[in-house]
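A quick write-up on the structure given underneath.
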Amino acid sequence: MRLGVLDVGSNTVHLLVVDAHQGARPLPAFSHKVELHLADHLDAKNRLSHECAVQLLKFIREAIQIAEDKGVQEVLGFATSAVRDAPNGDELLAWIEAETGVGIQVLPGDEESRLTFLAARRWFGWSAGRLLLLDIGGGSLEIAAGQDEDPLVAVSLPLGANRLTRDWLTGDPPKPDEVRRLRKHVRAEIAASASAVRSAGMPDQAVATSKTFRQLARIAGAAPSSEGPYVQRVLRHSQVKELAERLAKMSIAARAQLPGVSRLRAPQLAVGAIVADAAMDLLSLGELEICPWALREGVLLRRMDSLASSAARTGTRPDRAAAPPRPAAARPS
167 MRLGVLDVGS
177 NTVHLLVVDA
187 HQGARPLPAF
197 SHKVELHLAD
207 HLDAKNRLSH
217 ECAVQLLKFI
227 REAIQIAEDK
237 GVQEVLGFAT
247 SAVRDAPNGD
257 ELLAWIEAET
267 GVGIQVLPGD
277 EESRLTFLAA
287 RRWFGWSAGR
297 LLLLDIGGGS
307 LEIAAGQDED
317 PLVAVSLPLG
327 ANRLTRDWLT
337 GDPPKPDEVR
347 RLRKHVRAEI
357 AASASAVRSA
367 GMPDQAVATS
377 KTFRQLARIA
387 GAAPSSEGPY
397 VQRVLRHSQV
407 KELAERLAKM
417 SIAARAQLPG
427 VSRLRAPQLA
437 VGAIVADAAM
447 DLLSLGELEI
457 CPWALREGVL
467 LRRMDSLASS
477 AARTGTRPDR
487 AAAPPRPAAA
497 RPS
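Numbering (this note's numbering), first residue to last: 167 to 499.
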């Protein structure tokens, strides 16, 4: 079954076309994305701007045409923190659905964390034992932990790299007193949730997803993405701590010259390192293994599970199940 996953994230809006079969790993067939940085299009009342809505509508129309051209049978659309936190987020998505016929559901923060954890669990398998996941997005930090496919603890904190950069830093490079205040804020937020995360037990393996962690690992010497997803990439806390100090002293232009860092992501990378350092320190994580799968794959896997369950009830093949129910990942908040 060919599915499309339409991810309206805080940094990037991404259509991923995937060939999915029950019992087999999803195979990416086509990718189309653009960095809209929705969180940068907020007015004084934190409402998403009209310009942002127009750009998002344009992308979704392009995505629909691409999905049709690629033979996609169903598009799973979801939005994360930038839309979730905007007072007019639901209004914007309702307008887009009226214009395009595509429904985009807002994922609650804890559900975003759970679905990302599901993707990591499926990637690493049961041999990973008790798993702990970190994901730094543009608008939020997700933390999840447990030994099953559904985590025992799932937390979403408003500590995304783009959000914090916009709200806390003004200079280029940022001023030392701004960095210090930001660091204090980040650590206080994570510390408040640390005991809940620890209640899931000490992890046998700690993993990380997201562009932020991949870029930090690349700067620290991990293999480039061109070597494929099956190369092990490990990021140590000692490396992250050093990067958190070094990146905050660099200009955006200097960060953009580092391996694996794009000009569009360079402004928020220093904050990403500060959040990563705080999370690893306060949760006593010596190293993280980078997971190639994240939220998009989690949404897809949940959908395939739903189709398989529906097919089992009706006695049909998963790719022929009629009007299966929406997965939990696609329910509105």
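All C-beta atoms in this analysis are idealised placements derived from N, C-alpha and C, irrespective of residue type, glycine included.
Rounded to a whole number of angstroms, what is the C-alpha to C-alpha distance between residue i and residue j?
{"i": "A320", "j": "G337", "result": "34 Å"}
{"i": "R191", "j": "P274", "result": "26 Å"}
{"i": "K236", "j": "D333", "result": "40 Å"}
{"i": "A420", "j": "R479", "result": "57 Å"}
{"i": "P253", "j": "N212", "result": "7 Å"}
{"i": "S306", "j": "L284", "result": "18 Å"}
{"i": "F379", "j": "I309", "result": "13 Å"}
{"i": "A460", "j": "L299", "result": "10 Å"}
{"i": "A248", "j": "V220", "result": "16 Å"}
{"i": "Q381", "j": "A410", "result": "13 Å"}
{"i": "G189", "j": "D471", "result": "10 Å"}
{"i": "M416", "j": "K377", "result": "19 Å"}
{"i": "R115", "j": "R250", "result": "Outside the shown range of the chain, which is 167 to 499, sits residue 115, and nothing can be said about it."}
{"i": "V397", "j": "A388", "result": "9 Å"}
{"i": "A474", "j": "E265", "result": "32 Å"}
{"i": "H187", "j": "G481", "result": "17 Å"}
{"i": "A414", "j": "V345", "result": "7 Å"}
{"i": "D173", "j": "R462", "result": "7 Å"}
{"i": "G175", "j": "S293", "result": "31 Å"}
{"i": "P493", "j": "R469", "result": "With a pLDDT of only 36 at P493, under 50, the local geometry of the prediction cannot be trusted, and the value read off the model is given with reservation. Going by the C-alpha atoms only, they are around 5 Å apart."}
{"i": "P395", "j": "P339", "result": "33 Å"}
{"i": "A496", "j": "I270", "result": "Caution is warranted here: a pLDDT of 36 is assigned to A496, below 50, making its placement in the model unreliable, and the coordinate value is therefore given only provisionally. Distance between the alpha carbons of A496 and I270: 8 Å."}
{"i": "P390", "j": "A383", "result": "9 Å"}
{"i": "L325", "j": "A311", "result": "18 Å"}
{"i": "C218", "j": "G367", "result": "42 Å"}
{"i": "R431", "j": "A422", "result": "8 Å"}
{"i": "R288", "j": "L424", "result": "32 Å"}
{"i": "L435", "j": "I418", "result": "9 Å"}
Give me the residue from the options with the minimum Cα distance to residue i.
{"i": "S197", "options": "A233, E217 and L242", "result": "A233"}
{"i": "G452", "options": "M167, R353 and V400", "result": "V400"}
{"i": "G291", "options": "P324, Q371, S322 and K350", "result": "Q371"}
{"i": "H216", "options": "L297, L259, Q423 and V183", "result": "L259"}
{"i": "I230", "options": "H207, I262, D206 and S247", "result": "I262"}
{"i": "R227", "options": "A432, L193, M446 and V268", "result": "V268"}
{"i": "S365", "options": "P339, N177 and L449", "result": "L449"}
{"i": "A362", "options": "L323, H180, D209 and A327", "result": "L323"}
{"i": "E408", "options": "Q423, A432, D447 and A374", "result": "D447"}
{"i": "V441", "options": "I418, G304 and T246", "result": "G304"}
{"i": "D206", "options": "D276, N328 and H403", "result": "N328"}
{"i": "A444", "options": "L208, H403 and G464", "result": "H403"}
For residue i, write down the residues that DSSP places opposite it in a beta bridge.
{"i": "R168", "result": "D185"}
{"i": "D173", "result": "H180 and F244"}
{"i": "F196", "result": "V183"}
{"i": "A371", "result": "The sequence given here places Gln at residue 371; Ala does not occur at that position. Beta-bridge pairing links Q371 to L297."}
{"i": "E201", "result": "T178"}
{"i": "L214", "result": "L208"}
At a threshold of 7 Å, does residue i count as lining the ligand HEM (C-beta to nearest heavy atom)?
{"i": "L424", "result": "Among the ligands in the structure shown, none appear at all, so the ligand HEM cannot be discussed."}
Fill in: In chain order, each alpha helix (DSSP H) run of at least 4 residues that lies wholly inside the region 373-443
377-385, 403-413 and 418-422
Fill in: Length-filtered (4 minimum) alpha helix (DSSP H) runs lying within the region 243-292
247-251, 255-266 and 275-290
Worksheet item: Hey, is the region 310-318 in contact with the region 239-257, meaning 3+ C-beta pairs nearer than 8 Å?
Response: no
Practice prompt. Tell me the start and end of each unbroken beta strand (DSSP E) in the region 280-356 that is at least 3 residues and wholly inside, in chain order.
Written response: 297-302, 307-312 and 319-323
Worksheet item: Which runs of the beta strand (DSSP E) fall wholly inside the region 447-473 and span at least 3 residues, in chain order?
Response: 453-456
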